[in-house]
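Participant: Take a look at this one; I'll ask things after.
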Amino acid sequence: MRAAIYSLGFMLAFTSLATAQDPAMLNLHLRSRTGGMNAEAKSEIVEKKVVWDPLKTAFIVCDMWDAHWCQGAADRVVELAGPMNRMIGKARDKGCLIIHAPSSCMDFYKDSPARLIALSAPYSKPPIELSKLERWGTAWCYPDPQREPAIPIDDSDMGCDCAKKCAQGHPWKREIDTLKIDTGDALTDNGQETWNLLTAQGIDNVVLCGVHLNMCVLGRPFAIRQMVKLGKNVALVRDMTDTMYNHEMSPHVSHFEGTDLMIGHVERYWCPTFTSSDLTGDPPFRFKEDPRGK
Numbered sequence: 002m003r004a005a006i007y008s009l010g011f012m013l014a015f016t017s018l019a020t021a022q023d024p025a026m027l028n029l030h031l032r033s034r035t036g037g038m039n040a041e042a043k044s045e046i047v048e049k050k051v052v053w054d055p056l057k058t059a060f061i062v063c064d065m066w067d068a069h070w071c072q073g074a075a076d077r078v079v080e081l082a083g084p085m086n087r088m089i090g091k092a093r094d095k096g097c098l099i100i101h102a103p104s105s106c107m108d109f110y111k112d113s114p115a116r117l118i119a120l121s122a123p124y125s126k127p128p129i130e131l132s133k134l135e136r137w138g139t140a141w142c143y144p145d146p147q148r149e150p151a152i153p154i155d156d157s158d159m160g161c162d163c164a165k166k167c168a169q170g171h172p173w174k175r176e177i178d179t180l181k182i183d184t185g186d187a188l189t190d191n192g193q194e195t196w197n198l199l200t201a202q203g204i205d206n207v208v209l210c211g212v213h214l215n216m217c218v219l220g221r222p223f224a225i226r227q228m229v230k231l232g233k234n235v236a237l238v239r240d241m242t243d244t245m246y247n248h249e250m251s252p253h254v255s256h257f258e259g260t261d262l263m264i265g266h267v268e269r270y271w272c273p274t275f276t277s278s279d280l281t282g283d284p285p286f287r288f289k290e291d292p293r294g295k
């Protein structure tokens, strides 16, 4: 268990005596893709095993809200939340920091211990300037044309895949309550606060899970693009995410194939991925409407 002492300031000290043979370590099977920005280069899957110290690892849960303007997206979050809660519970038990990041919901948690943990972390100057552009209630890291081409799915219609298109809005108020916010967890949607937490706790490795991969899991100030640019070892849990993608839009594949295309985009241009099986021992999660899981 993490030791945490909060008084006038924020102090956390961790000593890791674990070795690569210690079952308490994170033994991950990372998958990435070759090719980079070279359009002529064939992209091949590369897999490797790594061992990460859990005391130097944070899991960030992105925008797993209690509601969504798209009913299909909301239903998939409900379905995903149980398996995700099991995964982050395993990560927490190993000693990983869990950061809950339900964007634009901080007022709901203003007096909660997890929110106060994030606010109490001492300021740490990041190595680069954090993104200050705004989108959807937080700072936003837009696509970097020097690092990635256009994403492989057309989400210009905002991605509702329901037969009757849903009216857009902002119905969420908090994180879905299926996800447990435990003692020692933190709660923020702010890039500087996230950096403060990571620095204070000596975090080198950042794992992203949650929704939606083509939008918030890439663009939020605590998410993949920003964490990679800050120099962290970043990974995505590829069976613990979803996209906002309408199969009627290019490239005209199923919703779940669209998600797989986005995962491939992340693996080629941003960071490797692994499945929740590495922590839970269960088969990788698949949505019940994904016919490939049958």
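In this note's numbering, each residue carries its 1-based index in the sequence shown increased by 1.
No residue lacks a Cβ here, since even glycine has one placed at the ideal position from N, Cα and C.
Report the option in Asn234, Ala102, Ile264 and Asp240 whose CA atom is closest to the CA atom of Pro55.
Facilitator: Asn234
Participant: Please go through the same chain and pick out, in chain order, the residues whose beta-carbon is closer than 8 Å to the beta-carbon of Ala59, but skip the five residues on each side of it.
Facilitator: Cys97, Leu98, Ile99, Ile100, Leu198, Leu199, Gln202, Ile204, Asn206, Val207 and Val208
Participant: Whose CA, out of Val212, Cys217 and Leu131, lies closest to the CA of Gly73?
Facilitator: Val212
Participant: DSSP state of Leu280, grouped into three classes?
Facilitator: Helix, per DSSP.
Participant: Find out if the Cβ-Cβ distance for the pair Gly265, His248 is shorter than 8 Å.
Facilitator: no
Participant: Are Asp186 and Ala236 close, meaning C-beta to C-beta below 8 Å?
Facilitator: With respect to Ala236, Asp186 sits apart: the two C-beta atoms are not nearer than 8 Å.
Participant: Give me the Cα-Cα distance between Ala140 and Gly220, rounded to the nearest whole angstrom.
Facilitator: Ala140 and Gly220 have their alpha carbons spaced roughly 9 Å apart.
Participant: Measuring alpha carbon to alpha carbon, tell me which residue in Leu262, Glu130 and Leu280 is nearest Asn215.
Facilitator: Leu262
Participant: Can you find the residues in the same chain that come closer than 8 Å, C-beta to C-beta, to Glu45, ignoring five residues on each side of it along the sequence?
Facilitator: Arg34, Thr35 and Gly36
Participant: Ignore the nearest five residues each way along the sequence and tell me which others in Gly83's own chain have a CB closer than 7 Å to its CB.
Facilitator: Thr179
Participant: Would DSSP call Asp94 helix, strand or coil?
Facilitator: helix
Participant: Unbroken beta strand (DSSP E) runs of length 3 or more, entirely within the region 88-175: which are they?
Facilitator: 98-102
Participant: With distance defined between alpha-carbon atoms, name the residue in Gln147, Cys210 and Gly232 nearest to Arg87.
Facilitator: Cys210
Participant: Spatial neighbours of Gln22 within its chain, please: CB distance less than 6 Å, with the 5 preceding and 5 following residues excluded, ordered by chain position.
Facilitator: Confidence in Gln22 is poor, its pLDDT being 47 and thus under 50, which makes the residue's placement too unreliable to answer from.
Participant: Using the Cα positions of Met38 and Arg148, report the straight-line distance between them to the nearest angstrom.
Facilitator: 7 Å
Participant: Can you list, in chain order, the residues of its chain whose CB lies under 6 Å from that of Pro285, leaving out five sequence neighbours each side?
Facilitator: If you ignore the 5 residues before and after Pro285, its C-beta comes within less than 6 Å of the C-beta of Asp240, Thr276 and Ser278, all in its own chain and listed in chain order.
Participant: Mind reading off the beta-carbon distance from Asp299 to Met65? Whole number of angstroms is fine, and I expect it under 8 Å.
Facilitator: Examination of residue 299 is not possible in this model, given that the chain is present from 2 through 295 alone.
Participant: Going straight from the alpha carbon of Trp173 to that of Arg269, what length do you get?
Facilitator: Between Trp173 and Arg269, the C-alpha separation is close to 32 Å.
Participant: On the three-state DSSP scale, how would you describe His266?
Facilitator: helix
Participant: Below 6 Å CB to CB, which residues in the same chain sit around Phe257 once its five sequence neighbours on both sides are set aside?
Facilitator: Answer for Phe257: Asp291, listed in chain order.
Participant: What did DSSP end up calling Asn234 once you bin it into helix, strand or coil?
Facilitator: strand
Participant: What does the alpha-carbon distance come out to for the pair Ala224 and Arg32?
Facilitator: 19 Å
Participant: Can you give me the start and stop residues for the alpha helix (DSSP H) that Ala59 sits inside?
Facilitator: Careful: Ala59 lies outside any alpha helix (DSSP H), inside the beta strand (DSSP E) at Thr58 to Cys63.
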